[in-house]
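Before any comments, here is the structure.
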Amino acid sequence: MGAACSLGSAECRRCIMATESVCRTDSASGPNTRLLDGARAGDAQAVQTAVKEGASVSVQDAHGWSALHYGAASGKLEVCKVLVDHCSDVNTTLPDFSTPLMLAVEEGHLPIAKLLLDNGAAPWCKDEDGFTAQDRCDKSVKAELSKLLAVPVSESYRKVGCGKL
1 MGAACSLGSA
11 ECRRCIMATE
21 SVCRTDSASG
31 PNTRLLDGAR
41 AGDAQAVQTA
51 VKEGASVSVQ
61 DAHGWSALHY
71 GAASGKLEVC
81 KVLVDHCSDV
91 NTTLPDFSTP
101 LMLAVEEGHL
111 PIAKLLLDNG
121 AAPWCKDEDG
131 FTAQDRCDKS
141 VKAELSKLLA
151 VPVSESYRKV
161 GCGKL
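The C-terminal position of the sequence shown is numbered 165 in full-length UniProt numbering, with every residue numbered one higher than the one before it.
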């Protein structure tokens, strides 16, 4: 279950529990496929429509990428906002344990990093090589990320899991 759930958001607990099993895809024209396509294209309206039509915000493509991974990596803040607003797990991981936060900071997308952190992204998660988001951060935003991460975190928050770890 995602970080937002551990922090007490009953609505997010209900959302994630309802979609906890990860779907891979549906038919070529189904809502899960449209969600992933919309996220890849950076089309927040298409993502919103797919969610309203029943797409799971936990859906992953054949490579393990979720819509939130696509939005974070490509710098599509509005796509990420729609997904977070619909309880997408901000600590979901790729097969190499990369989180959306890692992808966002690696590409220098600080507004997305802030959105993810504000919604429970765990900055201490490590990828398969042992690197955290701060380790992978683009040097152009490293100082700003350090400021975001300097905010004290409660012990209960630190117990939040990091995807598949």
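Positions of the beta carbon are idealized from the N, C-alpha and C atoms, including for glycine.
Residue i vs residue j beta-carbon contact at 7 angstroms
{"i": "A121", "j": "I112", "result": "no"}
{"i": "V84", "j": "N32", "result": "no"}
{"i": "S97", "j": "D61", "result": "According to the sequence as given, residue 97 is Phe; it is not Ser. No, they are not a contact pair."}
{"i": "L110", "j": "V90", "result": "no"}
{"i": "T99", "j": "C125", "result": "yes"}
CA-to-CA distance, residue j to residue i, given in whole angstroms
{"i": "V59", "j": "L94", "result": "12 angstroms"}
{"i": "E107", "j": "D129", "result": "18 angstroms"}
{"i": "H86", "j": "K76", "result": "16 angstroms"}
{"i": "F131", "j": "K52", "result": "36 angstroms"}
{"i": "A50", "j": "R34", "result": "6 angstroms"}
{"i": "Q48", "j": "S66", "result": "15 angstroms"}
{"i": "G42", "j": "V57", "result": "15 angstroms"}
{"i": "H69", "j": "G30", "result": "20 angstroms"}
{"i": "A143", "j": "Q134", "result": "10 angstroms"}
Close-in-space but distant-in-sequence residues of the same chain around residue i (CB under 8 angstroms, 5 per side omitted)
{"i": "L117", "result": "L101, P123, L148, L149"}
Close beta carbons around residue i, own chain, < 6 angstroms, minus the five adjacent residues each side
{"i": "C137", "result": "V105, L145"}
{"i": "K139", "result": "none"}
{"i": "A46", "result": "G38"}
Assigned secondary structure, residue i (DSSP; H/G/I helix, E/B strand, else coil)
{"i": "S146", "result": "helix"}
Same chain, Cβ closer than 7 angstroms to residue i, five either side skipped, listed in chain order
{"i": "G71", "result": "A39, V79, C80, L83"}
{"i": "A55", "result": "P31, N32, R34, L35"}
Completely contained alpha helix (DSSP H) runs for the region 70-114, where each covers 4 or more residues: 77-85, 100-106
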